[in-house]
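Set out below in structure tokens:
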């Protein structure tokens, strides 16, 4: 069995890759001072066959210079095409993923060492965040018949353009008489709606309930995330057999889903109404794209499959 050594304490954003690596390799934890600045952060750093591998799951703010300099391979979830940092030679792409519940492994694997690295309050907060996430399951393909659609998102003060796009999607759903819609933009704790109308506001859904409702949704919208990052929704929707609507990606993926086969791309929010209506009224096309998206996920995005790809690249076989 493969062996690798984890060199920092990753946060909840890294659970998908932690699970995948644990499925194919024997893991040990030996935190290193060189990567102490990444403890409790969205980074997973490990040593595999003498090669230092960094997996960055942060928003696309640019590579972490220190760990990039020490690494042999630097994998980035959000390898933003417009950011020159992510075109540096060590930077590698990743397939879509999402945060999952690995609370038990987090506690047993990182234990006292991890607690001492970030303090008990932060360690407990990270554990609780993991505990509230859904556990990973590879779901079978399901042709959805009920015209139920769920979508909910946070209101971002610094990303008004993203708020407006999601508002337009919600309004397109709510105005379609064929749709049983649930969700909306989540009210902020500070009470500022940032220009969002009361008619689309909602309370926050717990993470597990959010995932269950997303799984039931016949259509999923891969909305633009902060700084053009890829949303966790994408991998979840693909795993849930949803018909996925998306804008073209502004990040590099190892392989983009194909329009009309695995996903449906749009260029403008004004297309929402027509695309939703077309998908609902054309079950053959909807089934084709949903089935293709599920195949894309099952082929490329499973935790074990992604971990195998990472180790293959790190060992020079890919």
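In full-length UniProt numbering, the protein residues as written are 1 to 318.
Glycine included, every Cβ here is placed at the ideal spot set by N, Cα and C.
Contact check, residue 234 vs residue 226, beta carbons under 8 Å:
Going by C-beta atoms, residue 234 is not nearer than 8 Å to residue 226.
Checking the sheet assignment: what are the DSSP bridge partners for residue 251?
For residue 251, which the question treats as bridged, DSSP gives the partners 80.
Candidates 296, 251, 80, 231: closest to residue 339 by CA position:
With the chain covering 1 to 318 only, the question about residue 339 has no answer from this structure.
If you draw a straight line from the C-alpha of residue 1 to the C-alpha of residue 81, how long is it?
When only Cα atoms are considered, residue 1 and residue 81 end up about 36 Å apart.
Identify every residue that forms a DSSP beta bridge with residue 300.
Per the DSSP secondary-structure output, residue 300 pairs with nothing in a beta bridge.
Of the residues 277, 24, 10, 127, which one's Cα is nearest the Cα of residue 338?
Outside the modelled stretch of the chain, which goes from 1 to 318, sits residue 338, for which no answer is possible.
Whole-angstrom distance between residue 54 and residue 68, CA atom to CA atom:
One C-alpha to the other measures close to 8 Å.
Restricting to Cα atoms, I'd like to know which of 97, 40, 177 is closest to residue 149.
It is 177 whose Cα lies nearest to the Cα of residue 149.
Helix or strand or just coil, what does DSSP make of residue 177?
In the three-state reduction of the DSSP assignment, residue 177 falls in the coil class.
To the nearest angstrom, how far is it from the Cα of residue 112 to the Cα of residue 139?
Note on geometry: alpha-carbon atoms of residue 112 and residue 139 lie some 35 Å from one another.
Since residue 201 sits in a beta bridge, which residues does DSSP pair it with?
Beta-bridge partners assigned by DSSP to residue 201: 185.
In the DSSP assignment, the alpha helix (DSSP H) including residue 239 goes from what residue to what residue?
That run of the alpha helix (DSSP H) goes 232-239.
Flag this pair as touching only if the region 94-112 and the region 15-35 have three or more C-beta atom pairs under 8 Å; answer yes or no.
Proximity of the region 94-112 to the region 15-35 meets the contact definition, three or more beta-carbon pairs being nearer than 8 Å.
So is residue 146 buried or exposed if we call it buried at 16+ other beta carbons inside 10 Å?
Label assigned to residue 146: exposed.
My output table needs one value for residue 327: the three-state DSSP class, helix, strand or coil.
Here the chain comprises residues numbered 1 to 318, so residue 327 is not present and cannot be evaluated.
Buried or exposed: which applies to residue 161, given that a residue is buried once 16 or more other Cβ atoms fall within 10 Å of its Cβ?
Residue 161 comes out exposed.
Using a Cβ-Cβ cutoff of less than 6 Å, which residues in the same chain neighbour residue 314 once the five nearest sequence positions on both sides are dropped?
Closer than 6 Å at the Cβ level, and outside the excluded window around residue 314, lie 48, 51, 53, 73.
Secondary structure of residue 97, DSSP reduced to three states:
Correct three-state label for residue 97: coil.
Given 8 Å as the limit, is there contact between the region 293-308 and the region 250-259, that is, 3 or more CB pairs closer than that?
Enough Cβ pairs lie closer than 8 Å, so yes.
DSSP state of residue 15 mapped onto helix, strand, coil:
Residue state for residue 15 is assigned as helix, using DSSP reduced to three classes.
Where the alpha helix (DSSP H) through residue 277 begins and ends:
From DSSP, the alpha helix (DSSP H) with residue 277 extends over 272-281.
Could you pull out every residue in the same chain whose Cβ sits closer than 8 Å to the Cβ of residue 167, ignoring the five residues on either side in sequence?
Non-local beta-carbon contacts of residue 167 in its own chain, meaning distances under 8 Å to residues more than five positions away in sequence, involve 185, 196, 197, 200 in chain order.
Backbone CA spacing between residue 30 and residue 180 [nearest angstrom]
Straight-line Cα distance between these residues: approximately 51 Å.
Would residue 165 and residue 89 qualify as a contact pair, given that the criterion is a beta-carbon distance under 8 Å?
No, Cβ-Cβ distance for residue 165 and residue 89 is not below 8 Å.
Please work out which residues of its chain come closer than 7 Å, Cβ to Cβ, to residue 221, disregarding the five sequence neighbours upstream and downstream, and give them in chain order.
The answer, listed in chain order, is 151, 169, 245.
Own chain, CB closer than 7 Å to residue 110, minus 5 neighbours either side, in chain order
Answer for residue 110: 9, 29, listed in chain order.
Measuring CB to CB, does residue 64 end up less than 8 Å from residue 42?
Contact: no.
According to the neighbour-count rule (16 or more other Cβ atoms, all chains shown, within 10 Å of its Cβ), is residue 236 buried or exposed?
Residue 236 comes out buried.
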